[in-house]
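Here is the structure we will look at.
In the working numbering, the protein residues as written are 78 to 222.
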């Protein structure tokens, strides 16, 4: 068992270094039009979300889609950092690394996804059918249908 002691010490050292690095992993992505910037932590959890001036011009559904797409890109970046940190600890081509990579979902949004149509291009909002639709369809216009 003495012959393994230097190897075990090296593994422990790499693990300690990785643990320290993982504490500082975060990733930030910005939507192509600058409307949304999202920052996530090592686990991909949203830590910060900011909106640029373009966000004010976007319909809520487009803004929500931009938030999700941008957060997913940030999560993919954080995952890349995670695998880069863990590779020296568990082995770049090991079964453990393959398992780790399988646990990280691929972002299903292209990096340059954007909606080329301006916010008003064929996206008029219907008048609310009832009070429950207020939050989904825009501000109340004072009309009662």
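Ideal Cβ placement from N, Cα and C applies to all residues, glycine included.
- DSSP lists 118 as the beta-bridge partner residues of residue 103.
- Within the same chain, and ignoring the five residues on either side of residue 91 in sequence, the residues whose Cβ sits closer than 8 Å to its Cβ are 165 and 166.
- Within the same chain, and ignoring the five residues on either side of residue 123 in sequence, the residues whose Cβ sits closer than 7 Å to its Cβ are 115, 117 and 148.
- By the criterion of a C-beta distance shorter than 8 Å, residue 177 is surrounded in its chain by 159, 160, 163 and 167, once the five residues flanking it on both sides are discounted.
- Going by DSSP, residue 178 is part of the alpha helix (DSSP H) stretching over 172-180.
- Annotation: residue 93 to residue 128 spans about 37 Å, alpha carbon to alpha carbon.
- Pairing residue 109 with residue 101, the inter-Cα distance amounts to about 26 Å.
- Residue 104 is a Cβ neighbour of residue 154, given a cutoff of 8 Å.
- With a beta-carbon spacing of about 6 Å, residue 132 and residue 140 fall inside the 8 Å limit used to define contacts.
- Within the same chain, Cβ atoms closer than 6 Å to the Cβ of residue 156 are found at 181, the five residues on either side in sequence being excluded.
- A distance of 8 Å or more separates the beta carbons of residue 98 and residue 121.
- The distance from the Cβ of residue 150 to that of residue 86 is about 39 Å, inconsistent with a contact at the 8 Å cut-off.
- In the displayed model, residue 125 falls within a strand according to three-state DSSP.
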